[in-house]
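Protein chains: 2
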Amino acid sequence: MIKFEVLKKHSHSSARLGVLTTPHGKINTPCFMPVGTQATVKALTPENLESMGAQIILGNTYHLYLRPGHELIQSLGGLHKFMNWHHPILTDSGGYQVFSMNKLTKVTEEGVKFKSHIDGSSHFISPEKAIEIQQALGADIIMAFDEPTPYPSDIPTTQKSLQLTTRWAKRCKDAMKSENQSLFGIVQGGMHPSLRKESTEQITSLDFPGYAIGGLSVGEEKHLMNDMTELTASLLPELKPRYLMGVGTPENLLTCSSMGVDMFDCVMPTRNARNGYLFVTGGKINIRNSQHQRDPDPIDPNCPCYTCKNFSRAYLRHLIMAGEILALHLLTLHNSTFYQTWMKSIRQAIEKDIPFSFTWSASE
Amino acid sequence: MIKFEVLKKHSHSSARLGVLTTPHGKINTPCFMPVGTQATVKALTPENLESMGAQIILGNTYHLYLRPGHELIQSLGGLHKFMNWHHPILTDSGGYQVFSMNKLTKVTEEGVKFKSHIDGSSHFISPEKAIEIQQALGADIIMAFDEPTPYPSDIPTTQKSLQLTTRWAKRCKDAMKSENQSLFGIVQGGMHPSLRKESTEQITSLDFPGYAIGGLSVGEEKHLMNDMTELTASLLPELKPRYLMGVGTPENLLTCSSMGVDMFDCVMPTRNARNGYLFVTGGKINIRNSQHQRDPDPIDPNCPCYTCKNFSRAYLRHLIMAGEILALHLLTLHNSTFYQTWMKSIRQAIEKDIPFSFTWSASE
C-alpha cells in the first residue's frame, strides 16, 4: 500500500509538497512520470531514468496486455523485473487506450469489446479484467477502468458516461486482491462543472487511496482544462494524492501544480524529442531548423543532462537529419531531463515558499 | 604522428601484441574499431564505447563529406570534438564508399566522379581532395584514396587497378600537410597472389607509417580471404601496424590476428544487432526467434555488458518485436561489447603465449 504525506503547503497557490511512499520507494511530489508504454520509456534505459531523477514511471496496460501479454510478464517476475526498473511504477487501466487506439469499440455495462491495433484480434476488457491484468503486471499504483468521455459531449451523454465510470470503479475496487498495490479512482465529468462535481462526489465516496482527474487534454481550450482541473482538485480530499492524467506542457505542469495536483504523465517530452522539438528554458526549439546547422552551443546551457553537457546543437541537428538512432536517444534524454528538472524547480519553490517566478511558453 | 611497438610475438602463430600511440591516446592491438559512419557509432554514445573498452573508432569520409560536410565539422573543432569522442579516430578515404554506394561512378587518372546517394548532386574526389577532407576532419589515422578492385576481376583489370591505387597513394602522400595525422597506404591486388605481392611492394616502397589490406570481404570464398590476408600480412614490414579493412566475423578476427593483423573494422556487430542477430560465446542467435519468448536468461552469461547484466532474452525479444528504439541500443551495446571482449581474449592469449583455444562459428 501507499502512504502520502503533505509536507508543506504553498502560501502563494494551492500547490503542496508531498512524499508518496510505495512498496518500491518514495516519490517527491509534485512529480512527472515518464511514459513507458511498452515496458520501456522510448529510447531510454532505466539507468538514464535514474540519473535524471525520475522516481516513478508509467506503464500502459492496454499495450502490455496485447504484447507481450500480462501473463508472460507475470511469469518473468512482473513488470519491475521484466523491464529492470526497480522503483515505483503506475499502470493505467487501459481505458483510455482502448478507446483512443481503436475506432470500433463496443461498450456495454459489462465492459468494452475492441480489436487489437496490432493484429485485429478481438478482445474484451471489463473492470475485473483490467484489475486482473494490472495485478499480473504488479505496478505499485494501478488505475480503475473508466470510460473517458469524448470532447465535446453534451450533459446527458457526459452524465451517463461518468455514472458508468463510477459503477466500474466500484467493480474494480471489489476485484482488488493484492495488498501490495493501491488502486486510484478516476474522476470524469467532461467540461461540465456540475458533472465534475457529481463524478468527484461519487468516486471519492468509494474511498480510494488516491484520485486521478481524467478526460482532460482531449482537444479542449486551455481555459477549460484549467477550470476543470482547478475545480476537481479543490473537491478532492486534501490528504490523498491527485493525479492529472495525460497532461502536458511545462506550462500546464506549473499551472496545475499551483492548483494542488501532485502527479502528472504525458508523452509530450519523449514524442516531441523524436520529432526534433526540444524543451528549453522559456520555450521550445526545432533542432531540424537550419539556424542550428553551425551552432556550437548545447540545447540548453542550464540543463544538466548528458546531451547538453557533451554535444552541440550542430551535432544533434546532423544526427537527426541523417536519421541516426543516437539522435532519438540524446534528444529524448534531454527532454525527459528537462521535465524532471522543471518539477524539481516547482518543488523547490514550494519548499522555500516563494512564488512560481519561472515561466515557459510554447509560443517562444 | 603515431608510434607502433610490438610488445610480444605469439609463438603459436604470427600474431603479435602491440601498442599504437596516437595524438589522442594509446590503442592495444590487435584491436577492433567500431564503425562510426556518420559521426556516430549507430545507437551508441561515446560513453557506451568507452565503457566497453573501445580505444579507437572509425569514421567514413564519404558520408561526412556529403553530410554534414567536412568544412562544417572543421569549423566546429574537428571530428573528435564534433562527436565528443576524445580518443583516437581513423577515417577511411572514401574510396570504398564512393564505389559501393554509387552505381554511376566515372574513374579517371585524376579521380572519381560520382553522384551523392542522398540528393543526387555531382561530386568529384581526387586523392588530393580525399586528403583535404580527412585533414579537415582531423582523425589521428587517415587512409590513402584507393580504387577497390571488384570481385571477381581478371589479372589485367586487377593489375591496372592496383597500379592506379599506387599512383594515387603517392599523390595522397604528397598532399599531406598535417604532422598530427598519419597516412596509411592500402594494398590491393584482388585475389591474385602475384598481384598482392606487386601491390605490397609498390605501396611499401612509399614508406607509410602503417598499411591496410584492402579489397577483401567483397564476396570471395573464405579461403581466398584468408590466403590473401596471410600472404599480404607476411609481406608487410614487421614493425608497422597492419589493418585489415572491413573484416569481419569473430572467427575472421581470430584467424587474421593469428596471421599478424593488428587492426580491424566492420559494421557486422552493429548492423547485425539492429536486425536482432546477436553474437554469443560459440555462435550467433536471432533474438526474434520464438524460442526466446519466455527465456529469463541474458543474451550471454559471460558478457559484461549492461544489457547482459540487466535484461532477459524475453525482454529484449519483446522490445525488438514491438519496434522499440531501446532494442537497437541494448542489442548494439551487447554485440559491440562482445567484439571488444573477443579482441581482449585474443590479446590475453598472445600476452600469456597460449594457443588460441577459443572458437566461434557462424553456423552454431
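Protein sequences, first through last, are from chains R and B.
Per my numbering, the very first residue in the first sequence carries number 1; after that it's consecutive.
Per my numbering, the very first residue in the second sequence carries number 365; after that it's consecutive.
Glycine residues also receive a C-beta, built at the ideal position from the N, C-alpha and C atoms.
Report the CB separation of leucine 326 of chain R from threonine 409 of chain B in whole angstroms; it is logged as a contact under 8 Å. 7 Å
Does the region 335-344 of chain R come into contact with the region 53-65 of chain R, if we say contact requires no fewer than three beta-carbon pairs (one atom in each stretch) closer than 8 Å? yes
Looking at the unbroken beta strand (DSSP E) that takes in glutamate 369 of chain B, where does it start and where does it end? 367-373
Within 10 Å of its beta-carbon, does valine 383 of chain B have 16 or more other beta-carbons around it, so buried, or fewer, so exposed? exposed
Please go through the same chain and pick out, in chain order, the residues whose beta-carbon is closer than 6 Å to the beta-carbon of glutamate 364 of chain R, but skip the five residues on each side of it. Bear in mind that a pLDDT of 44 at glutamate 364 of chain R, under 50, signals an unreliable position, so the number given afterwards is only what the model happens to contain. Only Gly282, Gly283 meet the Cβ criterion.
For glycine 406 of chain B, go through chain R and note every residue whose CB falls closer than 8 Å to its CB, in chain order. First, the amino acid is wrong: residue 406 of chain B is lysine here, not glycine. Going along chain R in sequence order, the residues near lysine 406 of chain B (Cβ under 8 Å) are Glu324, Ile325, Leu326.
Nearest by alpha-carbon distance to lysine 352 of chain R: which of R:Phe4, R:Leu17, R:Thr37, R:Leu254 is it? R:Leu17
Look up glutamate 364 of chain R in the DSSP assignment and say whether it is helix, strand or coil. Its pLDDT being 44, under 50, glutamate 364 of chain R is placed unreliably in this model, and the coordinates cannot settle the point.
Given a threshold of 16 other Cβ atoms within 10 Å of its Cβ, counted over all protein chains shown, does glycine 323 of chain R qualify as buried or as exposed? exposed
What does methionine 744 of chain B pair with, by DSSP beta-bridge criteria? This structure does not reach residue 744 of chain B, given that chain B is present from 365 up to 728, and the question cannot be answered.
Per DSSP, arginine 16 of chain R forms a beta bridge with which residues? R:Lys9
For glutamate 47 of chain R, decide whether its Cβ has a neighbour in chain B, counting only Cβ atoms nearer than 9 Å. yes
Name, please, each residue of chain R whose Cβ falls closer than 8 Å to the Cβ of arginine 431 of chain B. His318, Met321, Ala322
With a CB to CB cut of under 8 Å and the five nearest residues on each side skipped, what residues in its chain are close to asparagine 272 of chain R? Leu278, Phe279, Lys284, Asn335
Using a C-beta to C-beta distance shorter than 7 Å, which residues of chain R count as neighbours of asparagine 674 of chain B? Asn84
Using the C-alpha atoms, what's the distance from serine 312 of chain R back to threonine 158 of chain R? 49 Å
Does the beta carbon of glutamate 364 of chain R sit closer than 9 Å to a beta carbon anywhere in chain B? With a pLDDT of 44 at glutamate 364 of chain R, under the threshold of 50, the predicted position of this residue should be treated as unreliable, though the coordinate-derived value follows. Chain B contact via Cβ: absent.
With a cut-off of 8 Å on the beta carbons, I'd call threonine 425 of chain B and serine 464 of chain B a contact; round off their distance for me. Between serine 464 of chain B and threonine 425 of chain B the Cβ distance is about 13 Å, and since that is not below 8 Å, they are no contact.
In the region 293-305 of chain R, which residues sit with their C-beta less than 8 Å from some C-beta in chain B, listed in chain order? Gln293, Arg294, Pro296
By the three-class DSSP mapping on this structure, what secondary structure does histidine 117 of chain R have? coil
If you follow the beta strand (DSSP E) that threonine 645 of chain B is in, where does it begin and where does it stop? From DSSP, threonine 645 of chain B is part of no beta strand (DSSP E); its letter is neither H nor E.
Counting Cβ pairs, one atom from each stretch, are 3 or more of them under 8 Å apart for the region 254-263 of chain R and the region 28-45 of chain R? yes
CB contact below 9 Å: threonine 75 of chain R versus chain B: Sequence inspection shows serine at residue 75 of chain R; the threonine mentioned does not correspond to that position. So yes, serine 75 of chain R belongs to the interface.
Please compile the residues from chain B whose C-beta is within a distance smaller than 8 Å of the C-beta of histidine 329 of chain R. Ala407, Thr409, Ile689, His693
Which listed residue (R:Gln134, R:Ile213, R:Gln97) has its alpha carbon closest to that of proline 193 of chain R: R:Ile213
Classification of glycine 389 of chain B by the beta-carbon crowding that lies within 10 angstroms, buried from 16 upward: exposed
With 16 other Cβ atoms within 10 Å as the buried cut-off, status of glycine 219 of chain R: exposed
Return helix, strand or coil for glycine 389 of chain B, following the three-state DSSP convention. strand
Length of the line joining the Cα atoms of threonine 249 of chain R and threonine 401 of chain B: 36 Å
Measure the alpha-carbon distance for leucine 235 of chain R versus methionine 83 of chain R and round it to whole angstroms. 37 Å
Label proline 719 of chain B either buried or exposed according to how many other C-beta atoms from any shown protein chain fall within 10 Å of its C-beta, with 16 as the threshold for buried. exposed
Leucine 162 of chain R in three-state terms, based on DSSP: helix
Sorted by chain position, which residues of the same chain lie with C-beta nearer than 7 Å to leucine 206 of chain R's C-beta, five sequence neighbours on each side aside? Ala169, Lys170, Lys173, Gly185
So the alpha helix (DSSP H) methionine 83 of chain R belongs to, where does it begin and stop? 79-83
Could you pull out every residue in the same chain whose Cβ sits closer than 6 Å to the Cβ of glutamate 511 of chain B, ignoring the five residues on either side in sequence? Ser525, Leu528, Thr529
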